[in-house]
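What follows is a short report on a single structure.
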Amino acid sequence: MALKLDVSKAYDKVEWSFLEQVLVKLGFPPPFIRLVMLCVSSVSYSFLLGGKQFGALIPERGLRQGDPLSPYLFLLCTESFSSLLVQAERVGRIQGVAVCWGAPAISHLLFADDTLIFCRASLECTQSIQDILEVYRLASGQEINFSKSSVAFSRNTVVDMCAAIVRDLTIRRENKMELYLGLPSRVVRSKRELFATIRDRVWTKIKGWNEKFLSQAGKKILIKAVIQAIPTYAMGCFRLPISLLKEIQSMVADFWWSNQGHNKIHWVSWQRLCDSKLLGGLGFRRLHLFNLAMLAKQLWRIWLHPERLLSRVLKARYFPWGDIFSASLGSRPSYTWRSVMAAHDLFIAGCRWRIGSRLQVRVWTDPWLPRLRSFKPITPVSASLPNLLVSDLIEPISVDWDVAKVQELFWPIDSEIILGIPLSRTGAQDLLTWHYSNNGRFSVRSTYHLACALEERPGCSSLGLTDSLWWRKAGCPLCGDEQEDTLHALTLCPFARLGLSLCSSFICVASSGVSGAATPSVPQVPSSWQPPPPDVIKVNFDGATFDQGKEMSVGVVARSANGHCVAWLSQRVAKPGVGNGGGMGHERGYLFGSTEGMEVVKHSANAVAHFFARSALHDAEGDHVMPAEALSLVSLDSLVI
């Protein structure tokens, strides 16, 4: 059974002598106790009667309400009541209630002057509780108001026993729809009826506002500051019925478009008004998504504080052998757990591990890659290493990534991100962070925006497969670029450009079967070489990149007016932080011309220069013999002279 007790005049009846003894028992220093008791006992009251002030009443007990110190002192007093219940449970006079095997037994819950006591439905336990309440009353002055208290029994309790306990305690049985701390204490079948008070409160507010002259700006403030705040408290514990939220939304929409209670046309859908201001909306909340964001906060608290009572109870009942990430509904879940698990996918979609000690993060199943779409690797799980940890990818001595191993196990789209993650050399622990906040801490605001974004695209559970297919489709088998279109396949791809320079017609290129992905940063190579004026050396240059920009090279060729090759350069260069291969070729072309004593008066990309740029990535440097392929390209360009 569960006893809900209400203390009569809780603050006004606290005995000062009892409070002083509690402070002494808890070990506070005597000077501090004297200061506290001086603050408590220096209170006086005066009264106004007929506009005149009469006397000063000096109290002998009680705590002044409104004093910031009073709530803390009252909690210290109730600590003695909690100790009496714990002692009675220890000696077996009362037995707490456990939701399942392995869960902590709960004998009482305290919130200010509201108390819940859980025990077996028996006359012996009832008598023990009465004795404890009497001892507490005599010591502290706190007296239970049984007319405002109630008792609830489980469905398995015998009816005669229920009647005997109610008669013995002179207390009433709890109504199924009764509230405790503003929330339903028991869940009934009709959830809509259970939370009907929220709808009624919203309607009461709107009904009073309809009689006033309110501008749209005033209505906006009232909706955001008052209406949307009414269900927030309940949303943090339960998932409200969708039908109830739609009804509230309908009432708010009617209020927004109406004029003194007269309904008018809704010119814009409510979903459009709920869009962000950056997207043209007014920023009203989508209540069902905000509900999920509030419930996701409970999951974050369960993970962050596993030592708390709520976390221990839920873990013992629903995921005794795992963690909150692997939790499921289980068998016969409570409405509270169903509500919390409704936000499970949203919670997982925003959590990401920040790599520290690398001892507990699993490579294939844990979210740890810092990117927007999917925090897990897109690369298929290695059959030989299914239980791979992040620590296995790091050199133990240098505390750096094992580049060869990472590139061997993962696709380039994953390996690049992994190698870009900084590693801690101070032994910091792995930390679960909220990816969508700047400081890594959970926030309802960022979670709500994440829920809105996820509603616009497929569920987060399918993002891994989507990313995998997307990446595999975009890769170019020739140049390795990630962007694909027809223009690149026929003209802009370096290999396609080389084919164009060797063929005299577009049909020859089409028959060669060249295809791939776009590289917009590489300029298009002209199909023929234009000779410079007499006595002028023309320098052509080009740059090339391989492996998605990881390697880079430049090619430079200098020719006279009659097409003879005066000098040429094929060289690898360090990967620049900003820019592309063409820009690097531009720089090397000028340097090459000035070094050889030439005056560079014209510069452009050319098939010969492009050939030298591509060959530098594969051929050894220092070869002073021009390759046969380059000679053929030079001869082809000379045909236009």
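With the first letter of the sequence shown counted as 1, position 18 gets the number 608 in my numbering; the numbers rise by one all the way through. Glycine included, C-beta positions come from ideal geometry on N, C-alpha and C.
Taking the beta strand (DSSP E) that residue i belongs to, which residues open and close that run?
i	result
H1025	No beta strand (DSSP E) holds H1025; DSSP gives it neither H nor E.
T705	704 to 708
L638	635 to 639
F845	Looking at the DSSP string, F845 is not in any beta strand (DSSP E); the run it does join, the alpha helix (DSSP H), is 832 to 847.
L999	Counting along the chain, L999 falls outside any beta strand (DSSP E), though it belongs to the alpha helix (DSSP H) covering 993 to 999.
When you compare each of the options to residue i by their alpha carbons, which one comes out closest?
i	options	result
K854	S988, D865, S840, K867	S840
E764	I755, P621, F743	F743
G1010	H1025, W991, Y1026, S1027	W991
F664	L675, V676, R651	R651
D596	I892, L771, S974	L771
R1162	S1205, P1123, R1149, F1131	S1205
D602	V792, Q655, L835	Q655
E1046	V756, D865, W954, S833	D865
W691	F909, P1122, F1000	F909
W847	F1000, I796, V996, L666	I796
R829	P986, Q1120, L773, I722	L773
S1005	F1032, S1033, A1043, W958	W958
K814	V778, I788, L872	L872
W799	F785, E783, T787, I817	I817
A1285	K995, G946, S901	Outside the shown range of the chain, which is 591 to 1231, sits residue 1285, and nothing can be said about it.
Q717	L675, V626, V687	L675
Any idea if residue i is buried or exposed, counting beta-carbon neighbours within 10 angstroms, 16 or more meaning buried?
i	result
E998	exposed
A1108	Residue placement at A1108 is flagged as unreliable, the pLDDT there being 39, under the threshold of 50; a coordinate-derived value is accordingly withheld.
T1016	exposed
T794	exposed
H698	buried
A600	buried
A1197	buried
L593	buried
G640	exposed
Q1241	Only positions 591 to 1231 of the chain appear in this structure, which leaves residue 1241 out of reach.
G870	exposed
L834	buried
H1200	buried
L877	buried
Q732	buried
List the DSSP bridge partners of residue i.
i	result
W943	L1022
V741	L593, R763
Y770	L773
L675	Answer is none; L675 lacks a bridge partner.
R651	E605
R875	DSSP, once it has assigned bridges, lists no residue as partnering R875.
E733	S598
I984	W991
L700	T705
F1201	Per DSSP, none; premise fails for F1201.
A1157	A1148
V816	Answer is none; V816 lacks a bridge partner.
Could you check what DSSP says for residue i in three-state terms: helix, strand or coil?
i	result
T1037	helix
Q861	helix
G692	coil
K599	coil
K966	coil
G808	helix
R952	strand
A646	strand
V748	coil
L616	coil
H895	coil
L868	helix
H1283	With the chain represented from 591 up to 1231, any question about residue 1283 goes unanswered, as that position is not in the structure.
V687	strand
L979	strand
S670	helix
W793	helix
P661	helix
D913	coil
W799	helix
Would you mind reading off the limits of the alpha helix (DSSP H) that contains residue i?
i	result
S929	925 to 931
L625	620 to 631
L1009	1002 to 1009
A973	Where A973 is concerned, there is no enclosing alpha helix (DSSP H), given that its DSSP letter is neither H nor E.
E783	781 to 784
A824	822 to 825
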